[in-house]
Amino acid sequence: MSCLMITSGVLSAKQTVTLYAYHLKPPYLIDVEQEQGLYFDFALLLNQHQADYSFKVEYMPRKRLNRDIEQNTLDGLIIGVNPVWFRDQQQTKFAWSEPFMTDRDEFVSNISAPFEFVGQASLYGKTVGGVRGYHYFQVAPVVKIDKATQLEMGTELQLLEMLVKKRIEIAVISNATLNYLLAKNKHWENAVHLSNQPHESYSRALLAPKDMRNAVDVINTVLQKSEFKEQLQRLLMRYHITNSALGVKS
Numbered sequence: 001m002s003c004l005m006i007t008s009g010v011l012s013a014k015q016t017v018t019l020y021a022y023h024l025k026p027p028y029l030i031d032v033e034q035e036q037g038l039y040f041d042f043a044l045l046l047n048q049h050q051a052d053y054s055f056k057v058e059y060m061p062r063k064r065l066n067r068d069i070e071q072n073t074l075d076g077l078i079i080g081v082n083p084v085w086f087r088d089q090q091q092t093k094f095a096w097s098e099p100f101m102t103d104r105d106e107f108v109s110n111i112s113a114p115f116e117f118v119g120q121a122s123l124y125g126k127t128v129g130g131v132r133g134y135h136y137f138q139v140a141p142v143v144k145i146d147k148a149t150q151l152e153m154g155t156e157l158q159l160l161e162m163l164v165k166k167r168i169e170i171a172v173i174s175n176a177t178l179n180y181l182l183a184k185n186k187h188w189e190n191a192v193h194l195s196n197q198p199h200e201s202y203s204r205a206l207l208a209p210k211d212m213r214n215a216v217d218v219i220n221t222v223l224q225k226s227e228f229k230e231q232l233q234r235l236l237m238r239y240h241i242t243n244s245a246l247g248v249k250s
């Protein structure tokens with residue numbers, strides 16, 4: 001009987017909570033089936049620093065997440081997101097964690113024809129590469145008035161390949177993804193140029209339905225721990241997120 005009681009206690013010790021991720025690209029999600037990527041390791045790190053929840057990452061497309069939000073059926077948190085992307089700048093619709101990292105979307109060009117973004121007019125006459133289905137708020141208005149062309153590809157790796165081969169002039173690629181791809185393709189490192197002014201800078205946090213605020217509170221407590229911050233910094237460096245402008249939020 002005592003063995004059964006102990007086993008039951010262990011099994012009920014942690015409540016499983018899903019962290020939904022829709023950024024199907026490195027370093028965030030590298031291999032979903034093998035559970036490889038920054039978000040998987042971030043969840044493991046969270047689990048090591050608190051005893052209330054067992055956080056588990058699961059991939060789900062943004063459209064499905066939007067549907068669940070509209071129908072009030074979202075049953076987990078969304079990882080790696082920003083209030084602006086969910087029209088919740090005042091953070092009144094959802095419960096939000098503190099940011100766990102910062103990132104930015106870069107204007108990347110070939111080193112032989114370096115591009116500097118100095119406002120939307122600097123995009124006039126350019127062909128800008130982006131990922132299909134993504135919205136680039138600096139690029140979209142220029143494309144709408146036919147002053148620039150947007151070429152859509154399936155992944156940022158494809159964008160980078162086309163850029164290196166000079167098949168497009170400019171691509172918008174997130175810094176964390178760019179660093180990871182360049183680390184895996186060393187021969188490209190000297191082939192690209194980053195504009196001094198990026199397309200956008202932003203922080204990444206976790207979103208939760210308001211009825212899951214307790215999970216957010218636990219995460220926020222963990223994010224404030226010095227030991228966790230140090231381990232998170234090492235984790236980010238492992239994924240080649242080393243730019244001084246990126247990394248752990250202080």
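Under this note's numbering, the first residue of the sequence shown is numbered 1, with each subsequent residue one higher.
We put the beta carbon where it would ideally sit given N, CA and C, even for glycine.
Quick check: residue i and residue j, are their CB atoms within less than 9 Å of each other?
i: Pro251; j: Leu207; result: Absent from the model: residue 251. The displayed extent of the chain is 1 to 250, so no value can be given.
i: Val192; j: Ser109; result: yes
i: Ile173; j: Leu159; result: yes
i: Ile323; j: Leu46; result: Nothing in the structure corresponds to residue 323, since the chain is present only between 1 and 250.
i: Tyr59; j: Val32; result: yes
i: Gln197; j: Phe107; result: yes
i: Tyr202; j: Arg67; result: no
i: Phe86; j: Ile69; result: yes
Report the residue from the options whose alpha carbon sits nearest the alpha carbon of residue i.
i: Ala176; options: Glu156, Asn72 and Gln138; result: Glu156
i: Asp146; options: Gly125, Leu232 and Phe100; result: Gly125
i: Ala148; options: Glu161, Gly133, Ile168 and Leu163; result: Ile168
i: Ile170; options: Gly154, Val143 and Gly129; result: Gly129
i: Gln100; options: Tyr239, Gln233 and Arg238; result: The identity of residue 100 in the sequence shown is Phe, whereas the question assumes Gln. Measuring from the Cα of Phe100, the nearest candidate turns out to be Gln233.
i: Gly133; options: Met153, Trp85 and Lys186; result: Met153
i: Lys166; options: Phe42, Phe115, Ile69 and Gln91; result: Phe115
i: Phe94; options: Glu230, Met212 and Gln231; result: Met212
i: Glu161; options: Val118, Asn185 and Thr102; result: Asn185
i: Val164; options: Gln231, Asn190 and Val142; result: Asn190
Whole-angstrom Cβ separation of residue i and residue j, contact assumed at under 8 Å?
i: Ala51; j: Ala13; result: 7 Å
i: Pro26; j: Leu181; result: 7 Å
i: Phe40; j: Val57; result: 5 Å
i: Leu77; j: Leu19; result: 5 Å
i: Ile79; j: Ala140; result: Contact doesn't hold; Cβ gap of about 26 Å is too wide.
i: Glu98; j: Leu194; result: Contact doesn't hold; Cβ gap of about 28 Å is too wide.
i: Gln120; j: Val143; result: That belief does not hold up - the Cβ atoms of Gln120 and Val143 are roughly 10 Å apart, past 8 Å.
In chain order, what residues of the same chain have a beta carbon less than 7 Å from the beta carbon of residue i, not counting five sequence neighbours either side?
i: Met1; result: With a pLDDT of only 46 at Met1, under 50, the local geometry of the prediction cannot be trusted, and the value read off the model is given with reservation. So no residue of the chain qualifies.
i: Met5; result: Any reading at Met5 needs caution, since the residue's pLDDT is 44, under 50, leaving its predicted position unreliable; the model's value is listed next. The answer is none, since no qualifying residue turns up.
i: Leu49; result: Sequence inspection shows His at residue 49; the Leu mentioned does not correspond to that position. Excluding sequence neighbours, His49 sits near Val222, Lys225 and Phe228.
i: Gln36; result: Ile30
Give me, in chain order, the residues of the same chain whose beta-carbon lies closer than 6 Å to that of residue i; leave out the 5 immediate sequence neighbours on both sides.
i: Ser244; result: Because Ser244 sits at a pLDDT of 48, beneath the cut-off of 50, its placement in the model cannot be relied upon, and the point is left open.
i: Pro209; result: Leu74
i: His199; result: Asp105, Phe107, Gln138 and Val172
i: Ala183; result: His240
i: Val81; result: Leu207
What does a CB cutoff of less than 8 Å around residue i pick up in its chain, not counting 5 residues either side in sequence?
i: Leu65; result: Tyr20, Tyr22, Leu74 and Ile78
i: Trp96; result: Pro83, Asp88, Ala205, Leu206, Leu207, Ala208 and Val216
Closest Cβ-Cβ distance between residue i and chain D: below 9 Å?
i: Arg87; result: Absence of chain D from the displayed structure is noted, only one protein chain being present.
Which residue spans inside the region 151–208 form an unbroken beta strand (DSSP E) run of at least 3?
Every beta strand (DSSP E) stretch that sits fully inside the region 151–208 and reaches 3 residues is listed by chain position as 170–174, 192–194 and 200–208.
For the region 48–126, which segments carrying the alpha helix (DSSP H) assignment without a break, of at least 4 residues, lie completely within its bounds, in sequence order?
62–70
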